[in-house]
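Student:
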Amino acid sequence: MKLVRTVLGDTRGRVVLSVVGAYVLWQLWLTVAAPAKVMGEFPANRERVNVLVTLPFAPERYHVQAFQKYGRMAGTTDNGIELRNVKKTDLTAVARPYWVTKVEPLKEGS
Amino acid sequence: MNVLLPIWSGYVRLTTRFPIVQTLVPFIPVIALWWIVSAAEVFPKVFFPGPVEVWKSFVSLTYKGILPDYLEDSLIRLAVGALCGIALGIPLGILIGVSKRAHTALWPVVLFFQAIGDIAWLPILLIWFGFGLTTMTFVIVYTVMFPVIFNTVLGVRSVPLDLFRAAQSLGASKFAILKEVTLPGALPNIITGLRNGLGFGWRALIATEIIVGTSGIGFLMFDARRAGSVVEIMLGMIILGTLWYIVDAWILAPIERATGQRWGTVQK
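Following this line, the structure appears as structure tokens:
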């Protein structure tokens, strides 16, 4: 308790705690906001789906690599990344980063 | 003189109220000089970008999610490595410090392995574990561990003998002596060891990320080298300095000070 009082009584301690608190809140917000970014109708009878991940900017190597753990990279568009064979249960994880605008079914032949 | 006095007193009042000003002021001439040299184009902009370009790079990399992700990776690696290093270093240091037999048996081995620099382990680690978290964690643990061991041994040895004798004469068990005398007495040194160890660990992490990393601030800088982006390299350097300053001055130093104030009195 004394340690908590000491930390709270110090300006730097309060700033550090605020930063940690803001980080936790930010992570919570990303988790809460992710499902809303998954849009469109995904086939109900399939466990794995093909998706188009839209970003607010042209994807770079980092973004392509970030999604490789979820599925097979099929290519990139102006502001999108085409991912194949993504587990439906992973869709919210794909949508979680703040730089993802939306995740939608990939139109075949696109 | 009369003109300078109110300015100085205003500055003193300001720094008393906002200590962060005192931290930032020394950087003003550094940034100003950087700005002037860059704006004068003493060197080509592509080799020596100015603060504005670096700031724009910071905003862009943050907007794209690259910088926060790499920063998080570096900090998590440092935290995991440091915790493992501390968990190994403190018990080993106490053992070597309290037991003559352990000192005789382990001290030469510790000195031998300390002499092998952390980076010198990389070739063999890459063969054993490949380019991954295990290699990086090993290097950080290795780097953090030795300052912690040496400072813990020093701390244990610097506890006055009278305190052990007093505890023994009061009938304290070996465990009680360890808990009530050895550890509190050694704690200021242990914390100093942690501070040094984390500092070394931070540098080792960046070096390791440069060589074996696929993410992290070190990787960001080295990857920028491949693209010839000096602006990102400079940004990486500034982030390293800023982050370490914050961690050291805002977290580690106050802990060290508080520990010294609380437990350092044991020696009096």
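Quick mapping for you: the protein sequence lines, in order, are chains G and Y.
If you read the first sequence in my numbering, its first letter stands for residue 59, the second for the next number, and so on.
If you read the second sequence in my numbering, its first letter stands for residue 1019, the second for the next number, and so on.
Where a beta carbon is used, it is the ideal one built from N, C-alpha and C, also for glycine.
Given the structure is predicted, the values throughout are model-derived calculations rather than measurements.
Run through DSSP, which three-state label would G:G98 get?
Tutor: Taking the first residue of the first sequence as position 1, residue 98 of chain G is located at position 40. In this structure, G:G98 counts as coil in the three-state DSSP scheme.
Student: I'd like the span of the alpha helix (DSSP H) that includes Y:K1192, first residue to last.
Tutor: As a working mapping, residue 1192 of chain Y is identified with position 174 in the second sequence. It spans 1192–1195 - the alpha helix (DSSP H) in which Y:K1192 sits, taken as one unbroken run.
Student: Looking at G:L66: is its Cβ nearer than 8 Å to the Cβ of G:N108?
Tutor: Reading the first sequence from its first residue, position 8 is the one you call residue 66 of chain G. Reading the first sequence from its first residue, position 50 is the one you call residue 108 of chain G. No, the pair does not count as a contact, with Cβ atoms beyond the cut-off.
Student: Three Cβ pairs or more, each shorter than 8 Å: is that satisfied between the region 1075–1095 of chain Y and the region 1232–1241 of chain Y?
Tutor: As far as the Cβ criterion goes, the region 1075–1095 of chain Y touches the region 1232–1241 of chain Y, which means the pair count is three or higher.
Student: May I ask you to list, following chain order, the residues of the region 1073–1090 of chain Y that have a beta carbon less than 8 Å from some beta carbon of chain G?
Tutor: The residues in question are Y1081, K1082, G1083, I1084, D1087.
Student: Can you tell me whether DSSP reads G:T69 as helix, strand or coil?
Tutor: Along the first sequence, read from residue 1 onward, the residue named residue 69 of chain G stands at position 11. Three-state DSSP puts G:T69 in a helix.
Student: So, are the CB atoms of Y:T1170 and Y:I1108 less than 8 Å apart?
Tutor: One-based indexing of the second sequence puts residue 1170 of chain Y at position 152. One-based indexing of the second sequence puts residue 1108 of chain Y at position 90. Result yes, Cβ atoms of Y:T1170 and Y:I1108 sit closer than 8 Å.
Student: Does the contact criterion of 3 or more C-beta pairs under 8 Å hold for the region 130–146 of chain G versus the region 99–114 of chain G?
Tutor: The region 130–146 of chain G, when compared against the region 99–114 of chain G, does touch it at the 8 Å Cβ threshold.
Student: Please name the residues in the region 76–92 of chain G whose beta-carbon is closer than 8 Å to at least one beta-carbon of chain Y, in chain order.
Tutor: Going along the region 76–92 of chain G in chain order, one finds no residue with a Cβ nearer than 8 Å to chain Y.
Student: Quick one: residues in its chain with C-beta nearer than 6 Å to the C-beta of Y:V1162, no 5 flanking neighbours on either side, listed in chain order?
Tutor: To locate residue 1162 of chain Y, count along the second sequence from 1; it is residue 144. Only A1100, G1103, G1215, G1219 meet the Cβ criterion.
Student: To the nearest angstrom, report how far apart Y:V1128 and Y:T1122 are at their CA atoms.
Tutor: In the second sequence, the residue the question calls residue 1128 of chain Y occupies position 110. In the second sequence, the residue the question calls residue 1122 of chain Y occupies position 104. Straight-line Cα distance between these residues: approximately 11 Å.
Student: If you reduce the DSSP assignment to three classes, tell me which class Y:Q1285 lands in.
Tutor: For the purposes of this step, residue 1285 of chain Y is taken as residue 267 along the second sequence, with counting starting at 1. At Y:Q1285 the pLDDT is 47, less than 50, meaning the model places this residue with poor confidence; the figure from the coordinates comes in the next sentence. The answer is helix: DSSP assigns Y:Q1285 an H, G or I state.
Student: For the ligand NAP, is there any heavy atom lying closer than 7 Å to the beta carbon of G:G67?
Tutor: Looking at this structure, you won't find the ligand NAP or any other ligand, since it has none at all.
Student: Starting from the beta carbon of Y:P1206, find every residue of chain G whose beta carbon is closer than 8 Å, and list them in chain order.
Tutor: As a first step, residue 1206 of chain Y is located in the second sequence; it is residue number 188 there, counting from the start. The contacting residues do not exist; Y:P1206 stays about 16 Å from chain G at best.
Student: Tell me which residues share the same chain as Y:G1254 and place their Cβ nearer than 8 Å to its Cβ, disregarding the 5 neighbours each side in the sequence.
Tutor: Mapped onto the second sequence, residue 1254 of chain Y falls at position 236. Counting only Cβ-Cβ distances below 8 Å, and skipping sequence neighbours, we find I1235, G1236, L1238, M1239, A1242.
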